[in-house]
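Residue numbering for the sequence shown follows my numbering, starting at 2 and increasing by one per position.
What follows is one structure encoded as structure tokens, with my remarks underneath.
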Amino acid sequence: PSYAALTLGVDVKAPQETHAGFAKRCVELTMRCLGRDLDMALEYCGGDVDGDDTMNDNEKENVRCLAEWTGGCGNGKQIDAYYRAKFLLRYLAYLTKIGIVSSDDDNNSGSSGGDNQSFLGLLQLLAQSATNAAHASSSSSDNSNDEKKRALGRASRVLASLILSVLPYAMS
């Protein structure tokens with residue numbers, strides 16, 4: 002809440018000659034950073050353990066599980082990106098509460114049909130993406146593309162977790 006209050010305070014109280022449009026720039030930077038962090042959090046960085054003939058099936062599964070627990074890379078970059086995305090969504094929720102970001106399409110008069118540029122529209126887009134990834138991961142009965150199914154399933158869980166983590170802030 003303090004970052005949102007600081008954004009509002011600078012936008013309202015700072016001299017307009019030097020700080021005009023400060024809140025708008027903050028929202029634009031937040032969206033760019035959110036996109037970057039979502040890309041990084043959802044990126045698949047695991048190695049191809051299926052091509053390694055020296056490992057038995059149990060060892061391959063242990064490597065896959067370790068990669069999933071550590072965000073795919075084992076170095077924490079994806080986990081850090083997930084938490085940054087989570088906090089950026091929370092920041093946007095606070096900006097919505099104080100009126101800097103539009104909460105829904107009704108408040109966004111410049112929006113046309115499929116171009117909902119509101120906080121609710123962003124959450125709906127993330128929810129639709131999570132649903133699409135979940136359906137794609139479970140729809141194919143082909144076992145040859147197991148890594149893709151795992152990646153899509155992980156992406157759907159990450160996106161759903163982000164949405165659920167910000168709902169209390171968006172609803173309060």
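Just so you know, even glycine gets a beta-carbon here, dropped at the ideal spot from N, CA and C.
What is the residue span of the alpha helix (DSSP H) that residue i lies within?
i    : result
V167 : D147 to M172
I80  : K78 to K98
E29  : F23 to L43
S119 : First-last for S119: undefined, no H or E at that position.
V13  : S3 to K14
Taking the alpha carbon of residue i as the point to measure from, which residue in the options has its own alpha carbon closest?
i    : options                   : result
D81  : L93, A42 and K98          : A42
A135 : Q118, A152, S157 and N146 : S157
L39  : A152, Y83 and P16         : Y83
S162 : A15, A21, A152 and K87    : K87
Hey, residue i and residue j: beta-carbon distance below 8 angstroms or not?
i    : j    : result
I99  : V28  : no
V167 : R91  : yes
L93  : S130 : no
Since residue i and residue j should fall inside the 8 angstroms C-beta cutoff, what is the C-beta to C-beta distance between them, to a whole number of angstroms?
i    : j    : result
L124 : I164 : 6 angstroms
L35  : A24  : With a Cβ gap of about 16 angstroms, L35 and A24 do not count as contacting.
T31  : L126 : About 15 angstroms; that fails the 8 angstroms criterion.
Determine the direct distance from the alpha carbon of residue j to that of residue i, and round the result to whole angstroms.
i    : j    : result
A137 : A171 : 28 angstroms
V1   : G154 : Outside the displayed span of the chain (2 to 173) sits residue 1, for which this structure offers no information.
Q118 : G77  : 31 angstroms
Y179 : A21  : Within the shown structure, residues of the chain are numbered from 2 to 173, placing residue 179 beyond reach of any answer.
V13  : P169 : 27 angstroms
E148 : S140 : 14 angstroms
Y95  : Q79  : 24 angstroms
R37  : K150 : 23 angstroms
P2   : N146 : 44 angstroms
E18  : T132 : 45 angstroms
A128 : D105 : 15 angstroms
S173 : P16  : 32 angstroms
A6   : S103 : 16 angstroms
R26  : T97  : 15 angstroms
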